[in-house]
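**Q**
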């Protein structure tokens, strides 16, 4: 008669009647693995979007350089390119921390 204490104790009865400890639950480990995979997938998708955006910006820079478009547009595109390069660096840093 241990009542509610027995229900929540970290011990269990074996078939032979002996008491053994259950040990820590594997559930937190499974949750951490799941979160890691989800974050890894998210980072991969962001990396792909960044690479695609960088390619499009490079094409725009080439088009602007060879056309009679305004220099203001070229400056904006170059700023976007710098921002994407910064994001690539941050993504690499984040991936290394995983």
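In our numbering, the protein residues as written are 9 to 106.
Don't be surprised by glycine CBs; every beta carbon is placed ideally from N, CA and C.
Check each candidate in 43, 58, 69 and 44 and name the one with the smallest Cα separation from residue 91.
**A** 58
**Q** Under 7 Å Cβ to Cβ from residue 81, same chain only, skipping five residues before and after it: list those, please.
**A** 72
**Q** Rounded to the nearest angstrom, what separates residue 9 and residue 46 at their Cα positions?
**A** Here the model assigns residue 9 a pLDDT of 49, short of 50, so the residue's position is not dependable and the matter cannot be decided.
**Q** Less than 8 Å between the beta carbons of residue 55 and residue 99, yes or no?
**A** yes
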